[in-house]
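So that you can map any letter, position 123 of the sequence shown is 139 in our numbering, and since no number is skipped, the others follow by simple counting.
Heads up, the beta-carbon is just placed ideally off N, CA and C, and yes, glycines get one too.
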Amino acid sequence: MSCIKLINGQDSRCSTFASKYCQQAILINKADVLDYQILDSYTDIVGDYYGRHAIRFILNPTKKGVFFAAPDKGANFSGVFNKTIKEGVPQYTHIIALPLMGVSEEIKIILKQLDSADYFAALKYSDNTIEIFGFGFGLFSDYGYDPQGNSGGSIIELSSDTLEDQPPYIYKSGTGGDPLQDWENLFGENPPLPAGDFNNDFNNDFFI
């Protein structure tokens with residue numbers, strides 16, 4: 017029987033890696049989520065280990081995420097996470113940053129909506145990987161808005177008010193779905209989620 021792999025290595029000697037987030041973000045109200053599936057690691061009946069750390073979700077009909085974007089040459093959209101240990105358990109702070117520009121009434125309304133909404137965020141890396149930040153407990157912000165001191169706008173930082181149990185998830189689409197198409201659709205009308213199945217190792221574990 018194969019042993020579970022506790023740590024996977026990485027050989028980056030002959031590889032190149034993307035190093036920047038696309039200058040876009042999508043914020044999604046948690047109340048708009050109709051259903052979701054966490055794709056966690058599992059071991060099959062013969063003992064082979066399959067490492068996964070991903071999420072699928074679909075939104076209520078007619079609901080979509082809210083799109084933010086800036087010129088690609090900038091570097092104002094970003095995502096980071098920090099790990100800490102609480103009572104012997106790893107916990108994570110998720111942090112994203114997005115720029116807002118101007119002093120219009122529209123900007124004030126956006127800021128008020130950010131102040132009162134319960135949302136999580138999707139960011140796309142320059143290799144087209146989509147990460148989901150703050151899915152468990154949402155993202156919040158205490159900020160200063162100083163457009164004169166910041167070329168006409170400010171970088172708003174949103175972070176975990178309550179520590180998350182996991183690092184940001186990788187987004188996967190439903191059966192036959194394309195994650196990038198879901199992104200372009202602002203996660204509205206996502207493909208249906210696949211049905212799960214019980215594993216076959218004679219216990220009550222359930223996996224998707």
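Problem - D198 - DSSP class collapsed to helix/strand/coil - result: Position 182 of the sequence shown, counting from 1, holds the residue named residue 198. Three-state result, D198: helix.
Practice task
In the DSSP assignment, find the unbroken alpha helix (DSSP H) run with I126 in it and report its ends.
Solution key: Position 110 of the sequence shown, counted from the first residue, corresponds to residue 126. E121 to S132 is the extent of the alpha helix (DSSP H) around I126.
Handout entry: Pair within 7 Å by beta-carbon distance, L174 and L155
Key = As a working note, residue 174 is residue 158 in the sequence shown. As a working note, residue 155 is residue 139 in the sequence shown. Contact flag set, yes.
Exercise for the section: Taking 8 Å as the threshold, find out whether the stretch 35-44 comes into contact with the stretch 77-85 through three or more Cβ pairs. Expected result: Because the criterion of three Cβ pairs below 8 Å is met, the stretch 35-44 and the stretch 77-85 touch.
Handout entry: Assigned secondary structure, N166 (DSSP; H/G/I helix, E/B strand, else coil)
Key = Residue 166 sits at position 150 when you count from the first residue of the sequence shown. Of the three classes helix, strand and coil, the one that applies to N166 here is helix, per DSSP.
Handout entry: Per DSSP, the bridge partner or partners of V62
Key = Position 46 of the sequence shown, counted from the first residue, corresponds to residue 62. V62 is not bridged to any residue.
Handout entry: Cβ neighbour criterion (16 or more within 10 Å) applied to Y66
Key = Within the sequence shown, the letter at position 50 stands for residue 66. Label assigned to Y66: exposed.
Exercise for the section: In angstroms with no decimal places, state the Cα-to-Cα distance between L209 and D64. Expected result: In the sequence shown, the residue the question calls residue 209 occupies position 193. In the sequence shown, the residue the question calls residue 64 occupies position 48. Each residue's Cα considered, the two are about 25 Å apart.
Exercise for the section: Would you kindly report the start and end of the unbroken beta strand (DSSP E) that includes C30? Expected result: As a first step, residue 30 is located in the sequence shown; it is residue number 14 there, counting from the start. First-last for C30: undefined, no H or E at that position.
Practice task
Check A86 in the structure and name its three-state DSSP category.
Solution key: In the sequence shown, residue 86 corresponds to position 70, counting from 1. Looking at A86 - three-state DSSP - the assignment turns out to be coil, as it is neither helix nor strand.
Problem - Selection from A70, Y159, D51 and D48 that minimises the alpha carbon distance to Y58 - result: On the sequence shown, residue 58 is found 42 positions in, with the first residue counted as 1. Ranking A70, Y159, D51 and D48 by CA distance to the CA of Y58 puts A70 first.
Practice task
Would you mind reading off the limits of the beta strand (DSSP E) that contains F97?
Solution key: Taking the first residue of the sequence shown as 1, we reach residue 97 at position 81. It spans S94 to K102 - the beta strand (DSSP E) in which F97 sits, taken as one unbroken run.
Practice task
Would you kindly work out how many angstroms separate the C-alpha atoms of D48 and N206, rounded to a whole number?
Solution key: Mapped onto the sequence shown, residue 48 falls at position 32. Mapped onto the sequence shown, residue 206 falls at position 190. Cα-Cα distance, rounded: 13 Å.
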